[in-house]
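Note that my numbering numbers the sequence shown so that position 211 is 216, with each residue one more than the last.
Note sheet for the following structure.
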Amino acid sequence: MRNIIACLLMLAATAAAAQQNNPQLHRLFDSYYKERMQLFPTEATAAGVHQYDDRLAIEGSAPYIAATEKFYRKYLGELKKFDNAALNTGDRISLETLAYTLQAALEAQALHLEYLPMNQFISTPLELASFGSGDGDQPFLTVKDYERWARRMTAFAEWTDTCISNFNKGIKAGVVLPKALVKLMVPQMEALAEQDTAKNIFYKPLSKFPASFTAAERERISRQYHTVIASYMRPAYARLAAYLKEQYLPAAQDKAGLFALPGGDRIYRYYVNYFTTAPDLTPEQIYQTGLTEVARIHAAMEQIKTQTGFTGDLPAFFTWLKTNPALMPFKKPEEVLEAYSAIYRKVLPYIPQLFGHQPLTPMEVRRVEAYREAASAGPFYIKGNIAEKRAAILYVPVPDATKVNVTFYGMEATFLHEGIPGHHFQIALQQENKAIPAFRRQPSFSAYFEGWALYVESLGEQLGCYQDPYQKMGALNNEIHRAIRLVLDVAIHTGKMTREEAIGYMMANEAVSKAIATAEVERYMAMPGQALSYKTGEIRLKALRDKLAAQLGDRFSLRDFHDALLAYGDMPLQVLEKYMNDRAARYVNRSVLSSFPGTRRHKQR
6 MRNIIACLLM LAATAAAAQQ NNPQLHRLFD SYYKERMQLF PTEATAAGVH
56 QYDDRLAIEG SAPYIAATEK FYRKYLGELK KFDNAALNTG DRISLETLAY
106 TLQAALEAQA LHLEYLPMNQ FISTPLELAS FGSGDGDQPF LTVKDYERWA
156 RRMTAFAEWT DTCISNFNKG IKAGVVLPKA LVKLMVPQME ALAEQDTAKN
206 IFYKPLSKFP ASFTAAERER ISRQYHTVIA SYMRPAYARL AAYLKEQYLP
256 AAQDKAGLFA LPGGDRIYRY YVNYFTTAPD LTPEQIYQTG LTEVARIHAA
306 MEQIKTQTGF TGDLPAFFTW LKTNPALMPF KKPEEVLEAY SAIYRKVLPY
356 IPQLFGHQPL TPMEVRRVEA YREAASAGPF YIKGNIAEKR AAILYVPVPD
406 ATKVNVTFYG MEATFLHEGI PGHHFQIALQ QENKAIPAFR RQPSFSAYFE
456 GWALYVESLG EQLGCYQDPY QKMGALNNEI HRAIRLVLDV AIHTGKMTRE
506 EAIGYMMANE AVSKAIATAE VERYMAMPGQ ALSYKTGEIR LKALRDKLAA
556 QLGDRFSLRD FHDALLAYGD MPLQVLEKYM NDRAARYVNR SVLSSFPGTR
606 RHKQR
């Protein structure tokens, strides 16, 4: 008996030890995070680490590439010293996630992606505009905050020189952006070079000084900003606009996709793996899945069409939806914003039934700023920061309120996706969860966080939404939109379709205008592979849910499943699937699937 008890105690002690974090590994995580923040100062700002707010990395420069490669290899080597089997769940997830990140970064460097340093969606010039507006991640709360931003602005001239140099290297190598994208970038840069202080976004912080600033401090900072903006920012943006228009545009490619570039097939396969985090999938498999999903969702749309009493075919129904004045009821931008706020109020009472944990960070609805409203294809989410008392924002573009249609970007489905419980719950919980290592508290894996956001659209009925056929049609339109992305992203970058053919395919298969279809296709051209992450992630999450529900039977709880999915933050799908399968196996004889580390239950504000 004593031997049995001793064995049981030993097993209990071993189990307890296995639940503890590995101190050596966490010291490595801390070291990695601190060093990464120095190398990626704007990322540090976005993460709420503000000691580098005065710096701007000259990404794409030879010294910077060498420094980051050394950094990646150093930590990849250190991770190999740990035995995964000896780690607890959280540590194992973090180690595997970091190893994936480092390996992907090294693969990207080998492809010389610095030859394409910016586009109309993702670029340092646009990020700095968001920072400098005073509404982004860059803080403007103290005199030191203002001074740090002024110093950061002075580095933009060097960044611009490096960007132009890399564009020129790309021209020599034949690795260039499509002309259609360059034409969009030129007016963006011209707008940010605006000389009128009332229109230039970089002057906005001067109009909202904290009340604690003295008159002398306001005067000194104002003079400093006018000097820095006039000497560094505006000239750099103007130089970039002129270069893009006069030199780069003539050299840009006429084709839409990566297939037309030297080594383009290899680059595209990298992006597919990077954004789906599912290396078992090939572009052709994804393309075929897209076609299958489009057909399935069309069948569901036919049912809605019948329910509304419309007697024409589906394309005619799309046209009717796009042109029916009753589905475009708004007159002013404020009415559109209020419609989204009303959805917010509708959803909140249902949340506790599906989620045991909600974030502390509040979320609000705002209109997109004028400088980027025209380039915004639809509503989008910007994370907040509870430590800085900064709310998350659901941004809604309303260039013309009278043309906002409730069925395209179905308003309810869009709110669930971009706001609650989609991006806001996942990202805010990840940021607030102190049990997750600091380097993982910012969203990094599109297949996870976009897959999650698309997945929660399917919960609409359980959240009090989709009670009329037009909102349900809007949800289906959102879903088919993501299915079409599987088709078009692959088709564009493998040469199956031209830009114009892709626009036509989208318009033929969902209720969108040509302007929106064009903006979407140009987004896929600019960010290869990213559009694949939504539907790929959603399909994998639903497969996990169905598998675990079958495995656990009556003991399966959808609320606990959601909490378990969100418990350790975002990660590659291959890591998530392993974690959830292991967790279900360990809980097969228990009624609870999840235990949410490092958080407490509370109501959404």
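Where is the CB? At the ideal position from N, CA and C, for every residue including glycine.
Nearest residue (CA-CA) to residue i, options the options
i    : options                   : result
Y539 : E484, M511 and R225       : E484
P122 : A443, I63, T106 and P240  : I63
A155 : R372, V191, Y237 and F172 : Y237
H31  : L61, I497, E378 and I98   : I98
D35  : I508, P577 and P442       : P442
P338 : R78, E462, G141 and R371  : R371
Y275 : A160, A109, Q467 and Q447 : A109
P577 : A379, H362 and F454       : F454
I544 : A513, R560 and E582       : E582
A261 : K408, L107, I497 and L464 : I497
A397 : M416, I425 and V409       : I425
M511 : R445, L493, L81 and C470  : L493
V409 : N438, Y151, V233 and A520 : A520
N482 : R244, T94, H303 and R350  : H303
V180 : L116, A440, P474 and Q476 : L116
Y105 : T281, D473 and P357       : T281
Boundaries (first-last residue) of the beta strand (DSSP E) holding residue i
i    : result
V401 : A397 to V401
F385 : F385 to I387
Length of the line joining the Cα atoms of residue i and residue j
i    : j    : result
L563 : A590 : 17 Å
T499 : L263 : 7 Å
K310 : Y460 : 24 Å
E224 : H55  : 24 Å
Q25  : M190 : 50 Å
A17  : A91  : Interpretation of A17 is limited by its pLDDT of 33, a score under 50 that renders its predicted location unreliable; no figure is taken from the coordinates.
N27  : F87  : 10 Å
T159 : Q229 : 11 Å
Q308 : R78  : 54 Å
A247 : A196 : 12 Å
D59  : Y386 : 26 Å
S66  : T167 : 6 Å
T47  : T324 : 44 Å
H422 : N390 : 20 Å
A513 : A507 : 10 Å
H362 : L266 : 47 Å
S128 : A256 : 20 Å
V233 : A134 : 14 Å
H429 : D568 : 14 Å
Y57  : N278 : 32 Å
D551 : T102 : 24 Å
Beta-carbon proximity of residue i to residue j, cut-off 9 Å
i    : j    : result
V495 : E289 : yes
P364 : Q293 : no
A283 : E340 : no
D575 : W457 : yes
V517 : E505 : no
E433 : T366 : Checking the displayed sequence, the identity of residue 433 turns out to be Ala instead of Glu. Yes.
L182 : A531 : yes
Y355 : L399 : no
R487 : A452 : no
V411 : P334 : yes
N171 : Y120 : yes
F136 : K213 : no
L553 : Q467 : no
D259 : K184 : yes
C470 : E393 : no
T73  : Q114 : yes
I3   : E40  : Since the first residue shown for the chain is 6 and the last is 610, residue 3 is missing from the structure and cannot be characterised.
beta-carbon residue i near the ligand NAD non-hydrogen atom, thresh 8 Å
i    : result
L121 : This structure lacks the ligand NAD; in fact it carries no ligand of any kind.
Boundaries (first-last residue) of the alpha helix (DSSP H) holding residue i
i    : result
G137 : T129 to G137
E50  : The residue asked about is misnamed: residue 50 is Thr in this sequence, not Glu. Its alpha helix (DSSP H) spans residues P46 to A51.
K79  : A67 to L84
P192 : K184 to L197
S99  : T94 to A115
H498 : P474 to T499
Y539 : L537 to L557
P240 : R239 to Y248
A235 : Segment: none, A235 is in no alpha helix (DSSP H) and carries neither H nor E.
D568 : L563 to L571
V526 : K519 to A531
Ordered list of alpha helix (DSSP H) runs contained in the region 289 to 371, each at least 4 residues:
Fully enclosed alpha helix (DSSP H) runs of no fewer than 4 residues occupy 319 to 328, 338 to 352 and 356 to 359 of the region 289 to 371, in order along the chain.
Which ranges would you report for the beta strand (DSSP E) in the region 390 to 445 if only whole runs of at least 3 residues count?
As far as the region 390 to 445 is concerned, its whole beta strand (DSSP E) runs of at least 3 residues are 397 to 401.
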